[in-house]
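Trainee: A single structure is presented below for examination.
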Amino acid sequence: MNVVVCVKQVPDPNSAGQLDPATKTLRREGVEVVLDPGDEYGIEAGLQLADASGGQVTVVSMGPDKALDAIRKALAMGAAKGVLISDPSLAGSDALTTAKVLAAAIKREPFDLVIAATESTDGYTGTVPQMIAELLGVPAVTFAKHIEADGGTLKVNRQTEAGYDVVEADLPAVLTVTAGVNEPRYPSLKGIMAAKSKPVDRLTVADLGIGDVAPGQTITNIQPAEERKAGEVVEDDGTGAQRIVDYLASLKVI
Amino acid sequence: MAGKIWVLTEVLEGNVVPVGLELLTKARSMGGTVEALVFSPEADKVTATLGEYGATTVYAASDPAYNEVLLGGPAADAIAELAAQQSPDVILIGATYTGRDIAGRLAVKLDAPIIANGLDVSANGDISVQTAIFGATQVVDTKFEGGKTGIAVIRAKSFAAEPGGGAAPTVVPITTPVSDQHRKARVKERVVAKSEGPTLEDAPIVISGGRGLQDPSNFDLLQQVAQLVGGAVGASRAVVDAGWVPYAMQVGQTGKTVKPTVYIACGISGAMQHTVGMKGAKNIVAINKDAEAPIFKLADLGVVGDVLKILPQLIEALKAKKG
Ligand SMILES: Cc1cc2nc3c(=O)[nH]c(=O)nc-3n(C[C@H](O)[C@H](O)[C@H](O)COP(=O)(O)OP(=O)(O)OC[C@H]3O[C@@H](n4cnc5c(N)ncnc54)[C@H](O)[C@@H]3O)c2cc1C
Ligand SMILES: Nc1ncnc2c1ncn2[C@@H]1O[C@H](COP(=O)(O)O)[C@@H](O)[C@H]1O
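So the sequences go chain by chain: A and B. Quick note on this note's numbering: the first sequence kicks off at 1 and runs consecutively. Quick note on this note's numbering: the second sequence kicks off at 1001 and runs consecutively.
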């Protein structure tokens, strides 16, 4: 099974993000960037499925030149090759544009399965994978918390509000994985060395033959959210529990 | 005036999923025509409710095949067909799993802009959607442009659901068939995780645990408290990722948003990705052994201490109070 995994480079989720007030896009200068931690589950899922069936994993990313680092990390984990689409015209792309670019890049070669995370850590629209599925004309099996593959069929437990659905899908398909679906491997030293010589295709919008994409939305205002005020903080001297009971009683909830 | 507003409403076990009613309530206040879309073999069971909450027309699709497929594809096909004839100004969709599946595909089919993760929507000439970024420390307004139908994906609990006393709506059947393409993914089984007591979203009191509980077995203490106060148990992502409790219990950016009367955070540090899902609670209580924990910055009552000592005492005190 040949698997394409969509990976994104994002500002380090452990550092506070910033918007550029002038361009209203994510400020990237001076911010540590990392492979989106959510995508590590996708890479791991892809590697497991490809290894079990004798296929290989290609990682695809749209982002600035620096996103090559994210691709290298995926290669170090075991992916065979990478595709990076970088183009100044793509800075600040909306979800639909991103999906069009990724789908066009994915279509260039035959694939059995496309894997993405359920949402990116920074953009967080959580709809790019479904858009890719629509653009590719394949099923989207989303929010997977357990994955099995049997020949040309995928069997997935899909998270629902009520519990989960057991879904079977024919390949090719798009699959999105939730955190915790597996335990992503760490790149080994050997993997890191090998990644340096693995092939990465560099593409621009012109290579993909996508027409002009006019964004249908504009940011009009950004402001700090209302903050809650801190209340009373007490040291537990053995009466902490009683304080809580009294508080709940004062609110008339017990 | 917002022109024509469509609200996608999902049905679960014969009832409208609450976010659908929340969105209808909001849509009513935007000044315009409010119409609902529903895709379920049980659609006829909910049309009256949709009317009561403000839909004057309900486009209802009740193909029995919906039970066997994922709704994303078929619903997007049908809505796109309908939207081409009716040109709604905006389609409001709840940020549920299926809502996101439909929204993504629909955006492609309509080649329309989509704004996801919305917390509010307003119509002052343009239709604009408010989202929160960076752990809800900043709020951003984004407006739809270009005269196309806008797709707004809105988080649950962004609005209260209140019936508006609307009359029975006009029901227009949708007959777009489920294409063979969408039968390539088949739902074999729907597993419902039954839990006792109120759901996380509806409970007046939510008591959540984090890594400070030390061991999965200590979630039992939270269950006991929840049972005593008629509440529900939530969790931080750290313990969900560690496999202590199921994802359905996760509160926060990538989990549920809860707005209970009281939220009790036990051994949770208060990372912004967690607090974004609970800071809408009316009152917040926090127990943490670290006086510097960020959770205390938003707690109305903070207790600095060992959660494993305090919880058993809390259970005893609640029992004593009950008598
Ligand atoms: C993209 C992204 C999305 C995320 N989404 C979510 C989300 O939806 N929900 C979410 O919760 N998190 C989310 N996170 C993770 C979040 O950043 C935090 O890592 C997580 O919330 C921490 O969980 P915690 O508070 O249980 O653990 P910790 O941060 O490890 O905190 C444990 C706390 O327990 C206290 N403690 C330890 N022992 C005791 C004791 N005996 N008694 C009392 N207190 C004790 C410690 O002082 C500490 O404050 C997300 C992160 C990212 C990057
Ligand atoms: N620029 C990108 N490059 C590669 N993959 C992406 C990109 N944007 C989104 N994705 C994939 O789509 C998922 C969902 O992203 P989003 O819809 O932006 O929340 C991400 O977790 C990635 O797997």
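Where is the CB? At the ideal position from N, CA and C, for every residue including glycine.
1. Would you list the one or two residues that DSSP bridges to residue 1336 of chain B?
2. According to DSSP, which residues form a beta bridge with residue 1205 of chain B?
3. Is it true that the stretch 1050-1057 of chain B meets the stretch 1148-1166 of chain B, where meeting means three or more beta-carbon pairs spaced less than 8 Å apart?
4. Sorry if obvious, but does the Cβ on residue 1293 of chain B come closer than 7 Å to a heavy atom of ligand 1?
5. Going by beta-carbon coordinates alone, are residue 1298 of chain B and residue 228 of chain A separated by less than 8 Å?
6. Going by DSSP, name the residue or residues bridged to residue 173 of chain A.
7. Just reading off the beta strand (DSSP E) that residue 154 of chain A is part of, what are its end residues?
8. So is residue 124 of chain A in contact with chain B if we call contact Cβ pairs under 8 Å?
9. Put residue 1295 of chain B into one of helix, strand or coil per three-state DSSP.
10. What does a CB cutoff of less than 8 Å around residue 1237 of chain B pick up in its chain, not counting 5 residues either side in sequence?
11. What residues from the stretch 233-248 of chain A come within 7 Å of chain B, judged by C-beta to C-beta, listed N to C?
12. What does the shell around ligand 1 hold, if a residue joins when its beta-carbon is under 5 Å from any heavy atom?
13. Helix, strand or coil for residue 236 of chain A, going by three-state DSSP, please let me know.
14. Suppose you measure from the CA of residue 1182 of chain B to the CA of residue 1073 of chain B; what does that come to, to the nearest Å?
15. Cβ of residue 97 of chain A versus every heavy atom of ligand 2: is any distance shorter than 7 Å?
16. Does the structure place the stretch 1219-1233 of chain B close enough to the stretch 1197-1208 of chain B that three or more beta carbon pairs sit under 8 Å?
17. On the premise that residue 1011 of chain B lies in contact with residue 1042 of chain B, defined as a C-beta separation below 8 Å, what is that separation, rounded to the nearest angstrom?
18. Return yes when the C-beta of residue 129 of chain A is under 7 Å from any heavy atom of ligand 2, and no when it is not.
19. With three or more C-beta pairs closer than 8 Å as the rule, is the stretch 1167-1175 of chain B touching the stretch 141-153 of chain A?
20. Less than 7 Å between C-beta atoms, sequence neighbours within five positions excluded: which residues of the same chain meet that for residue 1047 of chain B?
21. Which of the residues in the stretch 1080-1114 of chain B, read from start to end, lie with their CB under 7 Å from any CB of chain A?
22. Which runs of the alpha helix (DSSP H), 4 residues or longer, sit entirely within the stretch 182-233 of chain A?
23. What are the residues of the stretch 1034-1067 of chain B that lie near chain A, defined by any Cβ-Cβ distance shorter than 9 Å?
24. In chain order, what residues of the stretch 58-75 of chain A put their CB closer than 8 Å to some CB of chain B?
25. With DSSP collapsed to three states, give me the class of residue 61 of chain A.
26. Rounded to whole angstroms, what's the CA-CA distance from residue 130 of chain A to residue 1151 of chain B? Just pull it up for me.
27. Please list, in chain order, the residues of the stretch 1158-1186 of chain B that have any C-beta partner in chain A closer than 8 Å.
28. Provide the residue span of the alpha helix (DSSP H) that contains residue 1274 of chain B, from first to last.
29. For my contact list, residue 1004 of chain B and residue 1089 of chain B are in at a C-beta cut-off of 8 Å; report their separation, rounded to the angstrom.
30. Kindly list, in the order they appear in chain B, the residues whose Cβ is closer than 8 Å to that of residue 131 of chain A.
31. Residues in the same chain with beta-carbon distance under 6 Å from residue 101 of chain A, minus the five sequence neighbours each way, listed in chain order, please.
32. Using a Cβ cut-off of 8 Å (strictly closer), state whether residue 214 of chain A contacts chain B.
33. Since I believe residue 1096 of chain B is in contact with residue 161 of chain A (beta carbons under 8 Å), could you give me their beta-carbon distance rounded to a whole number of angstroms?
34. The stretch 1303-1314 of chain B: which residues have C-beta closer than 9 Å to a C-beta of chain A, in chain order?
35. Note down the Cα distance separating residue 6 of chain A from residue 1071 of chain B, rounded to an integer number of angstroms.
36. For residue 1314 of chain B, I'd like the list of residues in its chain whose CB is within less than 7 Å of its CB, leaving aside the five on either flank, ordered along the chain.
Mentor: Once the coordinates are examined:
1. Outside the shown range of chain B (1001 to 1323) lies residue 1336 of chain B, about which nothing can therefore be said.
2. Within the second sequence, residue 1205 of chain B is the residue found at index 205, counting from 1. B:1262.
3. yes
4. By one-based count along the second sequence, residue 1293 of chain B stands at place 293. Yes.
5. For the purposes of this step, residue 1298 of chain B is taken as residue 298 along the second sequence, with counting starting at 1. For the purposes of this step, residue 228 of chain A is taken as residue 228 along the first sequence, with counting starting at 1. Yes, Cβ-Cβ distance for residue 1298 of chain B and residue 228 of chain A is below 8 Å.
6. If you number the first sequence from 1, residue 173 of chain A lands on position 173. DSSP output for residue 173 of chain A lists A:113 as bridge partner(s).
7. Position 154 of the first sequence, counted from the start, is the residue given in the question as residue 154 of chain A. Residues 153-159.
8. Taking the first sequence and counting its residues from 1, one reaches residue 124 of chain A at position 124. Judged by the 8 Å Cβ criterion, residue 124 of chain A is in contact with chain B.
9. Translated into the one-based positions of the second sequence, residue 1295 of chain B becomes position 295. Helix at residue 1295 of chain B.
10. By one-based count along the second sequence, residue 1237 of chain B stands at place 237. Cβ within range, chain order: 1250, 1252, 1254, 1255, 1273 and 1274.
11. 233, 234, 235, 236, 240, 241, 242, 243, 244, 245, 247 and 248
12. A:13, A:121, B:1210, B:1211, B:1212, B:1236, B:1237, B:1238, B:1252, B:1253, B:1254, B:1255, B:1267, B:1268, B:1269, B:1271, B:1273, B:1274, B:1288, B:1289, B:1290, B:1293, B:1306 and B:1307
13. The residue labelled residue 236 of chain A in the question sits at position 236 within the first sequence. Reduced to three states, the DSSP call for residue 236 of chain A is coil.
14. Here residue 1182 of chain B is taken as the residue at index 182 of the second sequence, counted from 1. Here residue 1073 of chain B is taken as the residue at index 73 of the second sequence, counted from 1. Taking the straight line from one Cα to the other gives about 6 Å.
15. As a position in the first sequence, residue 97 of chain A is number 97, starting the count at 1. No, the beta carbon of residue 97 of chain A sits no closer than 7 Å to any heavy atom of ligand 2.
16. yes
17. Here residue 1042 of chain B corresponds to residue number 42 of the second sequence, with the count starting at 1. Here residue 1011 of chain B corresponds to residue number 11 of the second sequence, with the count starting at 1. That belief holds up - the Cβ atoms of residue 1042 of chain B and residue 1011 of chain B are roughly 6 Å apart, short of 8 Å.
18. Stepping through the first sequence from its first residue, residue 129 of chain A is reached at position 129. Indeed, a heavy atom of ligand 2 lies less than 7 Å from the Cβ.
19. no
20. Counting from 1 along the second sequence, the entry for residue 1047 of chain B is found at position 47. The residues are 1058, 1060, 1169 and 1171.
21. 1096, 1097, 1100, 1101, 1103, 1104, 1105, 1107, 1108, 1109, 1112, 1113 and 1114
22. 189-195 and 205-208
23. none
24. none
25. Indexing the first sequence from 1 puts residue 61 of chain A at position 61. Strand at residue 61 of chain A.
26. If you number the first sequence from 1, residue 130 of chain A lands on position 130. If you number the second sequence from 1, residue 1151 of chain B lands on position 151. Cα-Cα distance, rounded: 14 Å.
27. 1181, 1182, 1184, 1185 and 1186
28. Along the second sequence, read from residue 1 onward, the residue named residue 1274 of chain B stands at position 274. First-last of the alpha helix (DSSP H) with residue 1274 of chain B: 1272-1275.
29. Your numbering for residue 1004 of chain B matches position 4 in the second sequence. Your numbering for residue 1089 of chain B matches position 89 in the second sequence. Correct: roughly 5 Å between the Cβ atoms.
30. To locate residue 131 of chain A, count along the first sequence from 1; it is residue 131. Simply 1104, 1105, 1107 and 1108.
31. Reading the first sequence from its first residue, position 101 is the one you call residue 101 of chain A. Within the same chain, residue 101 of chain A has close Cβ partners 62 and 85.
32. Reading the first sequence from its first residue, position 214 is the one you call residue 214 of chain A. Answer yes: the Cβ-Cβ gap between residue 214 of chain A and chain B drops below 8 Å somewhere.
33. The count along the first sequence starts at 1 and reaches residue 161 of chain A at position 161. The count along the second sequence starts at 1 and reaches residue 1096 of chain B at position 96. Right, their Cβ atoms sit about 6 Å apart.
34. 1303, 1304, 1305, 1306, 1309, 1310, 1311, 1312, 1313 and 1314
35. In the first sequence, the residue the question calls residue 6 of chain A occupies position 6. In the second sequence, the residue the question calls residue 1071 of chain B occupies position 71. Going from the Cα of residue 6 of chain A to the Cα of residue 1071 of chain B covers about 23 Å.
36. Residue 1314 of chain B sits at position 314 when you count from the first residue of the second sequence. The residues are 1225.
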